[in-house]
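Asks: Per numbering that gives the first Met the number 0: the sequence shown ends with 323, consecutive numbering throughout. We put the CB at the ideal spot given by N, CA and C, even for glycine.
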Amino acid sequence: MRNKYTFTSWSFLLLVSLLLWTCNTAPIEEPISETRQTIPLQEIKKAEVAALNSDLVAGKLTMDVGLIIPSNFHPDYKLVTAEKLLDGIKSAKEIYQEVDVQINVLWLKTGAFAEDHLAIKANETPAMPGIRHLQAYERMWRANGKLTAQTQATFESVIEPHPDNHRTLYIVALEEVFFSFYAELESADYELLVSPTSGFSFPQYIYGRHMPKHLRGIISISNLTIGPNRFKTVAHEIGHKVMNVSHEYKDIKPEFEVFGEGGLMIYGAGTEIPSGAAGLWHKERLSVSPFVYRLNDQGEKEWNPPYEQNGYYYDPVYKDFIIR
């Protein structure tokens with residue numbers, strides 16, 4: 000009787016997990032708010048952008064990045080400027096060149112944001128902590144991360160409709176971006192935290208099907224002045240998006256916050272994008288990212304295949320480049 004009960008319980012849990020996976024990976028209708036593209040933007044620093052793109056090579060793996068910065072930051076806010084943003088992109092270009100991937104800066108634009116869009120909360124407060132026995136990425140897709148209505152309206156008001164919205168990176172400077180999550184305490188209890196971010200990538204491994212397709216490329220930057228490693232902030236946030244991984248490096252397991260020496264995807268001075276199973280497949284996941292393309296001989300963009308299951312960590316586009 001005990002064995003039969005145990006088998007039935009595990010069968011039930013497996014069924015529930017499969018149902019959750021199906022629900023979380025099924026496509027959903029993407030609402031577009033009424034504020035879609037209401038802010039006029041103008042290009043600035045065109046010469047500087049052209050200089051950044053002077054080293055681009057046809058046929059090489061490439062990411063397109065658009066930069067947006069408000070023209071109406073508070074006078075006391077100095078943590079992100081157009082110059083700091085371009086410096087961050089320059090460092091990012093150098094870091095990704097090490098793995099033969101280049102960044103094409105489409106433009107740097109500015110405009111007056113709505114006052115209530117200068118500081119946002121990145122996600123709705125999670126209903127409960129992650130389930131302890133699940134691996135980090137499994138906990139994340141079960142958690143069903145969602146944008147707040149304010150956040151969706153903010154990005155829809157500044158990102159122009161385009162057929163390539165879903166595979167273009169948009170780095171948007173904001174005064175504050177807060178993220179809420181449950182932290183596990185030493186007592187085994189959980190504490191709900193609301194944390195300010197220097198940068199936030201709105202990664203698919205957190206938001207999945209709840210991220211509107213046209214907003215998949217959004218990244219926020221709110222502070223480019225913290226610590227000696229501030230030079231890698233932009234590259235680090237791009238990494239979350241294009242590798243679709245959390246804070247992890249080799250034998251360091253994925254977590255919300257990880258400090259150490261080594262790779263680009265943890266907090267520290269490291270900029271390495273490692274390869275192979277020992278490197279948690281970071282380079283390989285980058286190479287198959289839907290945000291990456293090559294220019295063919297006719298000058299046309301040949302994009303990597305799009306997500307098949309809304310871009311969760313285990314999306315089939317990543318093949319065997321995953322950890323369990």
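Buried or exposed: where does Ala187 fall if 16 or more other Cβ atoms within 10 Å of its Cβ makes it buried?
Replies: Its Cβ having fewer than 16 others within 10 Å, Ala187 is exposed.
Asks: According to DSSP, is Pro305 part of a helix, a strand, or is it coil?
Replies: Here Pro305 sits in coil by DSSP.
Asks: Let me know if Ile158 comes out buried or exposed under the rule of 16 or more other beta-carbons within 10 Å of its beta-carbon.
Replies: So Ile158 counts as buried.
Asks: Please check the pair Glu85 and Glu47, which I expect to be a contact at CB under 8 Å, by giving their CB distance rounded to whole angstroms.
Replies: In the sequence as presented, Glu is not what sits at residue 85; that position holds Leu. Contact flag correct, Cβ pair sits at about 6 Å.
Asks: Can you list, in chain order, the residues of its chain with a C-beta nearer than 8 Å to that of Leu192? Leave out the 5 residues immediately preceding and following it.
Replies: Correct list, in chain order: Ser179, Phe180, Tyr181 and Ala182.
Asks: Taking all protein chains shown into account, do 16 or more other C-beta atoms lie within 10 angstroms of the C-beta of Ser53, making it buried, or fewer, making it exposed?
Replies: Exposed, since its Cβ has fewer than 16 Cβ neighbours within 10 Å.
Asks: Take the Cβ of Arg284 as the centre, count every other Cβ of all protein chains shown within 10 Å, and call the residue buried at 16 or more, exposed below.
Replies: Its Cβ being crowded by 16 or more others within 10 Å, Arg284 is buried.
Asks: Measure the alpha-carbon distance for Gly259 versus Val104 and round it to whole angstroms.
Replies: The alpha-carbon atoms of Gly259 and Val104 are separated by roughly 30 Å.
Asks: Could you check which residue in Phe230, Glu271, Val79 and Phe201 has the C-alpha nearest to that of Lys249?
Replies: The shortest Cα separation from Lys249 among Phe230, Glu271, Val79 and Phe201 belongs to Glu271.
Asks: Count the other CB atoms, across all protein chains shown, that sit within 10 Å of the CB of His235; report buried if there are 16 or more and exposed otherwise.
Replies: Answer is buried; the Cβ neighbour count reaches 16.
Asks: For the putative contact between Thr147 and Glu123, defined by C-beta atoms under 8 Å, what is the C-beta separation to the nearest angstrom?
Replies: Contact flag correct, Cβ pair sits at about 6 Å.
Asks: Tell me the DSSP secondary structure of Leu51 in three-state form.
Replies: Helix at Leu51.
Asks: Counting only the same chain and skipping the five closest in sequence on each side, list residues whose C-beta sits under 6 Å from that of Ile31.
Replies: Confidence at Ile31 is low in this model, with a pLDDT of 48, below 50, so the placement of that residue should be treated as unreliable; the coordinate-derived value is given next. None.
Asks: Give, in chain order, every unbroken run of the beta strand (DSSP E) that is at least 3 residues long and sits entirely within the stretch 187 to 246.
Replies: The qualifying runs are 189 to 195 and 217 to 220.
Asks: Quick check: what's the CA-CA separation for Val291 versus Leu60?
Replies: Computed Cα separation, rounded: 6 Å.
Asks: Starting from Gln101, trace the alpha helix (DSSP H) both ways and give me its first and last residue.
Replies: Not the alpha helix (DSSP H): Gln101 falls in the beta strand (DSSP E), residues Val100 to Gly110.
Asks: Report all residues from its chain with a CB closer than 7 Å to the CB of Pro125; omit the five preceding and five following residues, and keep chain order.
Replies: Within the same chain, Pro125 has close Cβ partners Ala142, Ser179, Phe180 and Tyr181.
Asks: Answer yes if the stretch 96 to 114 comes into contact with the stretch 65 to 77, meaning at least three C-beta pairs across the two stretches below 8 Å, and no otherwise.
Replies: Touching, per the Cβ criterion.
Asks: Using CA atoms only, rank isn't needed, just tell me which of Lys318, Val176 and Tyr266 is closest to Ala276.
Replies: Of the listed residues, the one whose Cα sits closest to Ala276 is Lys318.
Asks: Out of Asp63, Leu223 and Val257, state which residue places its alpha-carbon closest to the alpha-carbon of Tyr169.
Replies: Ranking Asp63, Leu223 and Val257 by Cα distance to Tyr169 puts Asp63 first.
Asks: Look at the Cβ atom of Val233, then the Cβ atom of Ala91, and state whether they are nearer than 8 Å.
Replies: Yes.
Asks: By DSSP, does Gly262 sit in helix, in strand, or in coil?
Replies: Three-state result, Gly262: strand.
Asks: Does DSSP put Ser286 in a helix, a strand or coil?
Replies: Reduced to three states, the DSSP call for Ser286 is helix.
Asks: Exposed or buried, Lys131, counting other C-beta atoms within 10 Å across all chains shown (16 or more means buried)?
Replies: According to the sequence provided, residue 131 is Arg. The question's Lys does not apply to it. Under this definition Arg131 is an exposed residue.
Asks: Determine whether the beta carbon atoms of Arg215 and His165 lie at a separation below 8 Å.
Replies: Yes, these two residues count as a Cβ contact at 8 Å.
Asks: Ordered along the chain, which non-local residues of its own chain (more than five positions away) have a Cβ less than 6 Å from that of Pro304?
Replies: Cβ neighbours of Pro304 beyond the five flanking positions: Val316.
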